[in-house]
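Student: Here you go, one structure.
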Amino acid sequence: MNKFKTYFVMLVLGYFMSMATNTALASSDIKIGVMQPLSGVYAGPGQSGLDGFLLALKPYTNNSHQNSIEVITLDTEAKPARAPELATSLLMQHKADFIFGPAHSGVAMGMIKVLRGKDTVMIIPNAGAAAATGSLCSPNIFRTSFSSWQPSYPMGKVALDKGYKDVYLISWNYGMGRESLEAFEESFEAGGGNVVKKVLMPFPSTNFQPHISDIAAQDPDAVFVFFAGGGAAKFVKDYDAMGLRGKIPLLGSGFLTEGTLEAQGEAAEGVLTTLHYAEQLDVPKNLEFRETFHTEYGHYPDIYAVQGYDAGQAIIKTINLLDGDVSDKQAVINTMEKLTINSPRGDFTFSRAHNPVQNIYLREVKNGVNVVASVAAEALEDPARGCKL
Amino acid sequence: MTTELFFVQLINGIQYGLLLFLIASGLTLVFGVMGILNLAHGSMYMVGAYLVWYFVTVTGSFTVSAVISAIIALTLGILIERVLIQRLYNRNHLDQVLLTIGMIFVFNSLQSILFGNDPYGVAVPGALGGGIPFTDNSSYPIYRIFAALICVAIAGALYYVVRSTRLGMLIRAGESNREMVEALGVNIKSLYTIVFAIGVMLAAVSGIIAAPMRSIVPGMGESVLITCFVVVVIGGMGSITGAFVGALLVGLISTFSSVLMPSMSNMIIYIFMILVLLVKPQGLFAK
Chain V
1 MNKFKTYFVM
11 LVLGYFMSMA
21 TNTALASSDI
31 KIGVMQPLSG
41 VYAGPGQSGL
51 DGFLLALKPY
61 TNNSHQNSIE
71 VITLDTEAKP
81 ARAPELATSL
91 LMQHKADFIF
101 GPAHSGVAMG
111 MIKVLRGKDT
121 VMIIPNAGAA
131 AATGSLCSPN
141 IFRTSFSSWQ
151 PSYPMGKVAL
161 DKGYKDVYLI
171 SWNYGMGRES
181 LEAFEESFEA
191 GGGNVVKKVL
201 MPFPSTNFQP
211 HISDIAAQDP
221 DAVFVFFAGG
231 GAAKFVKDYD
241 AMGLRGKIPL
251 LGSGFLTEGT
261 LEAQGEAAEG
271 VLTTLHYAEQ
281 LDVPKNLEFR
291 ETFHTEYGHY
301 PDIYAVQGYD
311 AGQAIIKTIN
321 LLDGDVSDKQ
331 AVINTMEKLT
341 INSPRGDFTF
351 SRAHNPVQNI
361 YLREVKNGVN
371 VVASVAAEAL
381 EDPARGCKL
Chain D
1 MTTELFFVQL
11 INGIQYGLLL
21 FLIASGLTLV
31 FGVMGILNLA
41 HGSMYMVGAY
51 LVWYFVTVTG
61 SFTVSAVISA
71 IIALTLGILI
81 ERVLIQRLYN
91 RNHLDQVLLT
101 IGMIFVFNSL
111 QSILFGNDPY
121 GVAVPGALGG
131 GIPFTDNSSY
141 PIYRIFAALI
151 CVAIAGALYY
161 VVRSTRLGML
171 IRAGESNREM
181 VEALGVNIKS
191 LYTIVFAIGV
201 MLAAVSGIIA
211 APMRSIVPGM
221 GESVLITCFV
231 VVVIGGMGSI
241 TGAFVGALLV
251 GLISTFSSVL
261 MPSMSNMIIY
271 IFMILVLLVK
281 PQGLFAK
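Chain order of the listed sequences is V and D.
First residue of the first sequence: 1, per UniProt numbering; consecutive thereafter.
First residue of the second sequence: 1, per UniProt numbering; consecutive thereafter.
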């Protein structure tokens with residue numbers, strides 16, 4: 001028993017000592033907490049977003065600049081259960097001025113629970129859950145990526161314009177999947193389109209073959225899907241393997257062909273998707289960003305890097321406009337929400353719910369590249385349902 | 001559901017079931033003979049898929065890559081058995097679970113370090129590309145038919161080896177009475193090494209065969225592991241025949257349930273497993 005007592009006392013002492021050293025070492029003016037998945041299944045997008053973010057911060061994180069910025073990085077492992085604890089530590093222990101993250105919507109919900117209305121500014125570089133800038137919106141929560149609604153909504157009109165009347169919908173039964181299909185239905189049905197069937201598979205099942213057989217039997221004018229990552233790669237390959245490519249057009253939210261084209265190969269040719277970015281987008285800022293990123297990291301950036309970079313830009317611009325004084329959080333929020341971000345995806349502003357008001361591009365896969373065909377929706381603003389800001 | 005669609009889904013289900021059998025066979029073999037519960041079995045499936053992807057990008061030939069990958073897997077199996085598993089024969093199942101769960105983390109990290117976290121794909125080998133006309137507007141990929149045939153061939157070979165060869169006889173003897181086999185002068189240690197290595201190779205081979213049909217992603221091992229356990233539990237732990245029947249049942253049920261009631265399809269396999277266990281607590285073909 002005595003042993004345990006000693007351990008306990010040592011632990012408590014150790015804790016206070018670490019707190020003391022933390023305050024003693026805190027010489028930097030501005031603290032940014034990072035909560036990204038750096039291990040596990042989401043590590044790819046997590047690291048990429050962080051790389052983009054740090055690139056935007058780079059000139060300011062060395063000590064020569066008048067405002068030095070300290071970055072505290074925590075790995076969320078894309079585990080929603082850990083999110084509140086990590087967010088609390090950044091907020092209470094580290095007193096972070098800004099919190100950058102996460103990639104995963106479940107983690108975002110956990111963070112928002114803790115950070116909503118608090119004295120720090122949270123800036124989301126990916127997680128598209130509608131609620132983050134919808135029913136759970138808050139003055140101190142910003143997003144530089146997209147809402148789940150944004151990439152899919154314009155596709156309904158695209159489908160109608162192409163003359164597709166009967167469309168088959170399929171996705172995973174989870175937030176992003178459901179919200180994407182609903183957004184498509186909203187614009188598609190408003191324009192007179194008919195949804196033949198809507199299938200929500202359990203996440204993350206990739207047993208697509210029975211469903212693709214069903215699609216062949218239903219013979220719709222087109223198919224609209226939301227899948228991402230490995231599942232997206234497999235769906236597109238299965239669709240081709242069953243001989244439907246070129247017979248029934250495949251439409252998707254842009255994530256169907258983001259970071260997966262190499263895995264999909266020939267099978268992805270001709271797939272149409274809508275998204276707020278395309279790697280080959282002909283915008284001067286995009287060309288410049290791609291080269292800078294390549295010089296820094298030795299490979300070209302993806303969409304997650306762009307979203308992270310823009311979050312970094314938003315923070316730096318705000319700090320500069322306030323001459324480095326971020327102590328008044330209301331001033332920080334007022335400044336940030338008025339920004340126009342010169343993004344590689346084209347300029348965007350923030351909506352009243354702090355989600356980007358941005359162009360959505362229609363892209364077609366040609367020779368293994370997402371080629372921009374047109375602007376599917378200009379300066380599209382998420383309806384932010386349930387947000388009282 | 002029309003009759004035509006019914007038959008289409010029947011074929012889908014059988015094809016899925018055959019692949020499940022191939023993955024599960026190694027797991028049940030190792031458990032049946034050695035009493036080792038290898039939770040890292042799914043990781044071996046992943047190893048097979050990543051290796052074949054890697055060698056295809058290097059050599060360009062699927063056949064060559066498949067052979068190299070299978071040999072590497074066999075060697076890996078021998079190494080793992082000799083260095084790690086051998087220490088656990090006299091320990092309880094929990095220690096084995098601890099070790100093999102640890103191996104899952106090690107292999108996942110190795111995968112992340114060596115190959116990164118992007119999804120990869122292996123192109124279907126040229127000679128097996130394309131499909132045969134199937135319904136009005138769809139075709140059935142030749143590679144999937146080939147994969148199903150390979151699975152049947154391996155099932156047949158396993159059955160033959162276990163039933164009719166000396167190695168099979170030793171395996172069966174080792175299953176029922178380890179001490180007696182040892183007392184009769186058989187080197188049970190190397191027998192176990194062989195069986196474990198074959199188990200690892202079967203998992204890797206199913207990863208190799210599955211590679212052109214699915215995407216190669218982090219975590220792919222864990223996703224098959226659970227289905228694999230369902231198959232083995234339904235069939236009866238340790239029974240190859242059980243794994244075969246269990247795999248076909250799970251393949252068919254999951255195919256039909258995912259079309260008829262997609263939102264419940266994951267649950268239905270487990271409900272089926274519970275029903276089987278209520279009637280036959282040891283599984284359908286338990287010894």
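For glycine and all other residues, C-beta sits at the position ideal for the given N, C-alpha and C.
Where residue 135 of chain V and residue 116 of chain V are concerned, what is the direct C-alpha to C-alpha distance, given to the nearest angstrom?
Tutor: Cα atoms of residue 135 of chain V and residue 116 of chain V: separation of roughly 12 Å, rounded to the nearest angstrom.
Student: Out of curiosity, what's the CA-to-CA distance linking residue 291 of chain D and residue 41 of chain D?
Tutor: Given that chain D is displayed from residue 1 to residue 287, the structure contains no residue 291 of chain D and the question cannot be resolved.
Student: In its own chain, which residues sit with a C-beta less than 8 Å from the C-beta of residue 25 of chain V, not counting the 5 before and 5 after it?
Tutor: Interpretation of residue 25 of chain V is limited by its pLDDT of 38, a score under 50 that renders its predicted location unreliable; no figure is taken from the coordinates.
Student: Tell whether a beta-carbon distance below 8 Å holds between residue 123 of chain D and residue 265 of chain V.
Tutor: yes
Student: Assuming residue 382 of chain V contacts residue 133 of chain V (C-beta within less than 8 Å), just tell me the rounded distance between them.
Tutor: Confirmed, about 6 Å.
Student: What does a CB cutoff of less than 6 Å around residue 192 of chain D pick up in its chain, not counting 5 residues either side in sequence?
Tutor: Listed in chain order, the non-local C-beta contacts of residue 192 of chain D below 6 Å within the same chain comprise 34, local neighbours out to five positions each way being set aside.
Student: Taking only beta carbons into account, state which residues of the region 246-270 of chain V come closer than 9 Å to chain A, listed in chain order.
Tutor: Given the protein chain composition of this structure (V and D), no chain A is represented.
Student: Look at residue 257 of chain V and residue 271 of chain V and say whether their C-beta atoms are less than 8 Å apart.
Tutor: yes
Student: List the residues that DSSP assigns as beta-bridge partners of residue 293 of chain V.
Tutor: For residue 293 of chain V, which the question treats as bridged, DSSP gives no partner whatsoever.
Student: Suppose the cutoff is 8 Å on Cβ atoms and the five residues either side in sequence are ignored; what does the same chain contact list for residue 225 of chain V look like?
Tutor: 169, 170, 171, 235, 250, 251, 252, 253, 256
Student: So with CB distances below 7 Å, who are the chain V contacts of residue 9 of chain D?
Tutor: 210, 213
Student: What residues are listed by DSSP as bridge partners for residue 70 of chain V?
Tutor: V:31
Student: CA-CA distance, residue 143 of chain V and residue 92 of chain V?
Tutor: Cα-Cα distance, rounded: 22 Å.
Student: DSSP three-state label for residue 139 of chain V, please.
Tutor: coil
Student: I need the straight-line Cα distance from residue 140 of chain V to residue 304 of chain V, nearest angstrom please.
Tutor: 22 Å
Student: Compile a chain-ordered list of the residues in the region 215-247 of chain V whose CB is closer than 7 Å to at least one CB of chain D.
Tutor: Along the region 215-247 of chain V, the positions whose C-beta sits under 7 Å from a C-beta of chain D are 216, 217, 219, 229, 230, 233, 234, 237, 241, 242, 243, 244, 247, read in chain order.
Student: Alpha carbon to alpha carbon, what distance is there between residue 3 of chain D and residue 196 of chain D?
Tutor: 44 Å
Student: According to a CB-to-CB cut-off of less than 8 Å, which residues of the region 82-106 of chain V neighbour chain D?
Tutor: none
Student: Please say whether residue 200 of chain V and residue 263 of chain D have beta carbons closer to each other than 8 Å?
Tutor: yes
Student: Counting along the chain, where does the beta strand (DSSP E) carrying residue 356 of chain V start and finish?
Tutor: It spans 356-366 - the beta strand (DSSP E) in which residue 356 of chain V sits, taken as one unbroken run.
Student: Can you name the residues of chain D whose CB is closer than 9 Å to the CB of residue 52 of chain V?
Tutor: Close partners of residue 52 of chain V in chain D (Cβ separation under 9 Å) are lacking, with about 16 Å as the shortest Cβ gap.
Student: In terms of alpha-carbon separation, which member of D:59, D:21, D:203, D:271 lies closest to residue 125 of chain D?
Tutor: D:59
Student: Please say whether residue 96 of chain V and residue 73 of chain V have beta carbons closer to each other than 8 Å?
Tutor: no
Student: Using beta carbons (cut-off 8 Å, strictly below), is residue 199 of chain V in contact with chain D?
Tutor: Yes - at least one Cβ of chain D is within 8 Å of the one on residue 199 of chain V.
Student: Which residues, in order along the region 286-301 of chain V, keep a beta-carbon less than 7 Å from a beta-carbon of chain D?
Tutor: none
Student: How many angstroms separate the CA atom of residue 190 of chain D from the CA atom of residue 174 of chain D?
Tutor: 12 Å
Student: Ordered along the chain, which non-local residues of its own chain (more than five positions away) have a Cβ less than 7 Å from that of residue 297 of chain V?
Tutor: 51
Student: Between which two residues does the beta strand (DSSP E) carrying residue 349 of chain V extend?
Tutor: Segment 348-350, the beta strand (DSSP E) holding residue 349 of chain V.
Student: In chain D, which residues lie with their C-beta within 9 Å of the C-beta of residue 305 of chain V?
Tutor: Result: empty, since nearest Cβ-Cβ is about 13 Å, beyond 9 Å.
Student: To test your reading of the DSSP string, which unbroken alpha helix (DSSP H) runs of 4 or more residues are found completely within the region 47-131 of chain V?
Tutor: 83-88, 105-115
Student: So with Cβ pairs under 8 Å, would you call residue 151 of chain V a contact of chain D?
Tutor: no
Student: For residue 251 of chain V, report the span of its beta strand (DSSP E) as first-last.
Tutor: 250-253
Student: What's the C-alpha gap between residue 96 of chain D and residue 238 of chain D?
Tutor: Taking the straight line joining both Cα atoms gives about 16 Å.
Student: Apart from the five residues just before and just after residue 172 of chain D, which ones in its own chain have a Cβ nearer than 6 Å to its Cβ?
Tutor: none
Student: Does the region 61-78 of chain D touch the region 244-251 of chain D, meaning 3 or more C-beta pairs lie closer than 8 Å?
Tutor: no
Student: Measure from the C-beta of residue 130 of chain V to each C-beta in chain D and report whether the shortest distance is under 8 Å.
Tutor: no
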